[in-house]
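What follows is a short report on a single structure.
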Amino acid sequence: MRPAFVAALSAGILASVVCPTSRAGVVELGRVTLDEGNVTALLETTSQYYVDAMRALIDERYRDDYRAIRWEALEDAMRDAPVARFEYRFEINGVPNVRIYHAMGGRSLGSVAKSVFEGPTRPGTPDTPTSPMSSEDEEGLFSRRLSSTDEVAADLADDRFYADFDEINVRASVVAGDESALGSFVVDGRDRALDPEFKALRAIERDLRSGTLPRGGSIYGSVSEVTCASCQYSMKRFADTYAVDLRVSQVYPALPRAAERELLASGSARVRGGQLIDAVSERPLLATDLLNGAREGQVRRSLSPRAMGRNFKGTPWARRSFQLGPIRLPRVSESSMEASPPPRPRGSKNPTTGC
Numbered sequence: 004m005r006p007a008f009v010a011a012l013s014a015g016i017l018a019s020v021v022c023p024t025s026r027a028g029v030v031e032l033g034r035v036t037l038d039e040g041n042v043t044a045l046l047e048t049t050s051q052y053y054v055d056a057m058r059a060l061i062d063e064r065y066r067d068d069y070r071a072i073r074w075e076a077l078e079d080a081m082r083d084a085p086v087a088r089f090e091y092r093f094e095i096n097g098v099p100n101v102r103i104y105h106a107m108g109g110r111s112l113g114s115v116a117k118s119v120f121e122g123p124t125r126p127g128t129p130d131t132p133t134s135p136m137s138s139e140d141e142e143g144l145f146s147r148r149l150s151s152t153d154e155v156a157a158d159l160a161d162d163r164f165y166a167d168f169d170e171i172n173v174r175a176s177v178v179a180g181d182e183s184a185l186g187s188f189v190v191d192g193r194d195r196a197l198d199p200e201f202k203a204l205r206a207i208e209r210d211l212r213s214g215t216l217p218r219g220g221s222i223y224g225s226v227s228e229v230t231c232a233s234c235q236y237s238m239k240r241f242a243d244t245y246a247v248d249l250r251v252s253q254v255y256p257a258l259p260r261a262a263e264r265e266l267l268a269s270g271s272a273r274v275r276g277g278q279l280i281d282a283v284s285e286r287p288l289l290a291t292d293l294l295n296g297a298r299e300g301q302v303r304r305s306l307s308p309r310a311m312g313r314n315f316k317g318t319p320w321a322r323r324s325f326q327l328g329p330i331r332l333p334r335v336s337e338s339s340m341e342a343s344p345p346p347r348p349r350g351s352k353n354p355t356t357g358c
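For reference, each letter of the sequence shown is one residue, going 4 to 358 in the working numbering.
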């Protein structure tokens, strides 16, 4: 860190220690359905950090050619993993400051890449709608609970691939829960310690406890999916323990039916390919559809075999016709109103929580 920043931060930490607060924090959860703000653009930026890190990891560890189904497994994993962005806002000597924690759900990128490129696969095609990973691999990646030490070590091994983070934008790495006030749970067969919002909370908690951050701040967060009950409990626990207010926006996968009918009846929207789109610009109206399309574009621009200068195992690119190439999909943050190809259809998601 810069010396001036460290000095000012130390002064702020000292003040927070001398004058602790005993009030409990407040947790506010909001819904994001229509793309009316900058939540989708911010989450797209978070996703890009992880896509870039995965590319660096593959360049170093997996330089061979692989079957098409393995590349699709990578595409699915990087596109569909939930992401979260939590801002911790605080003041130092009356000057506003912020540190932004970025997180992606699931196990470390190294563990994902190992399962994709080294694990067994079943027969399939590049358009196979279900995961090309074996059921054992999926259980290992998402369900089996490893020790905190193993999780932290696996995550730490990937640290050097995250070259774009700095003092303000930091990665919410996996944090051991030995001294944490936040307990994690396995719900519906999934270890909720690997949810991105939980990772972000644990990382902020670590920095508050170590004195890297002063207490007395507030958190403004956004998550690419609906938070589960266990993570909502952790937010409340965090607010009560550290007297921090949390305001978190959740991206919901669907509009209430009445609201959708109203948009369609007014003529301002129509349905195309299962998506609700603007009748004039033909851009997706739902934040979740726009974000999914942008993330698919990120993966194809950076992680497709063509983008990485690779061939499918035993087959040159010239003989392939399916769409795993880096098709240009507009970023959410771009102002262009031109229509973009809709993302590949995927199974509908239940708008209720994951728990």
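Where a beta carbon is used, it is the ideal one built from N, C-alpha and C, also for glycine.
Quiz prompt | Counted within 10 angstroms of its Cβ, other Cβ atoms place Ile280 as buried (16 or more) or exposed | solution = The C-beta of Ile280 has 16 or more other C-beta atoms within 10 Å across all chains shown, which makes the residue buried.
Exercise. Compute the distance between the beta-carbons of Ser118 and Phe188, then report whether it is under 9 Å.
Key: The beta carbons of Ser118 and Phe188 sit no closer together than 9 Å.
Practice problem: Report the option in Arg240, Ala257, Gly220 whose CA atom is closest to the CA atom of Glu228. | Solution: Considering only alpha carbons, the answer is Ala257.
Exercise. Determine the DSSP secondary structure at Gly300, reduced to helix, strand or coil.
Key: Assignment of Gly300 by DSSP, reduced to helix, strand and coil, places it in the helix class.
Practice problem: Note the first and the last residue of the continuous alpha helix (DSSP H) segment covering Glu206. | Solution: The sequence shown places Ala at residue 206, rather than the Glu named in the question. 199-213 is the extent of the alpha helix (DSSP H) around Ala206.
Quiz item: What separation, rounded to the nearest whole angstrom, lies between the Cα atoms of Ile103 and Tyr65?
Solution: Each residue's alpha carbon lies about 31 Å from the other.
Practice problem: With DSSP collapsed to three states, give me the class of Asp243. | Solution: In the structure shown, Asp243 adopts helical secondary structure according to DSSP, grouped into three states.
Quiz item: Terminal residues of the continuous alpha helix (DSSP H) containing Ser114?
Solution: It spans 112-121 - the alpha helix (DSSP H) in which Ser114 sits, taken as one unbroken run.
Self-check item: Same chain, Cβ closer than 6 Å to Asp210, five either side skipped, listed in chain order
Solution: Leu216, listed in sequence order.
Self-check item: alpha helix (DSSP H) runs contained entirely in the stretch 253-290, provided each spans 4 or more residues
Solution: Listed in chain order, they are 260-269.
Quiz item: Ile61 and Leu45: beta carbons closer than 9 Å?
Solution: If you check the CB distance, Ile61 and Leu45 do not come in under 9 Å.
Quiz item: Taking the alpha-carbon positions, what's the Gln278 to Gly97 distance?
Solution: Computed Cα separation, rounded: 46 Å.
Quiz item: From Met238 to Met57, what distance separates their C-alpha atoms?
Solution: Using only the alpha carbons, I get a separation of about 29 Å.
Quiz prompt | Minimum Cβ-Cβ distance from Ala310 to chain D less than 9 Å | solution = Within the model displayed, chain D is absent; a lone protein chain is all it includes.
Practice problem: Please report how far the alpha carbon of Ser111 lies from the alpha carbon of Leu267, in whole angstroms. | Solution: Near 42 Å, if we compare the C-alpha coordinates of Leu267 and Ser111.
Quiz prompt | Rounded C-alpha distance that separates Arg309 from Arg275 | solution = Separation of Arg309 and Arg275 (C-alpha to C-alpha, rounded to the nearest whole angstrom) is 29 Å.
Exercise. Could you give the DSSP three-state label for Asn96: helix, strand or coil?
Key: When DSSP states are grouped into helix, strand and coil, Asn96 belongs to the coil group.
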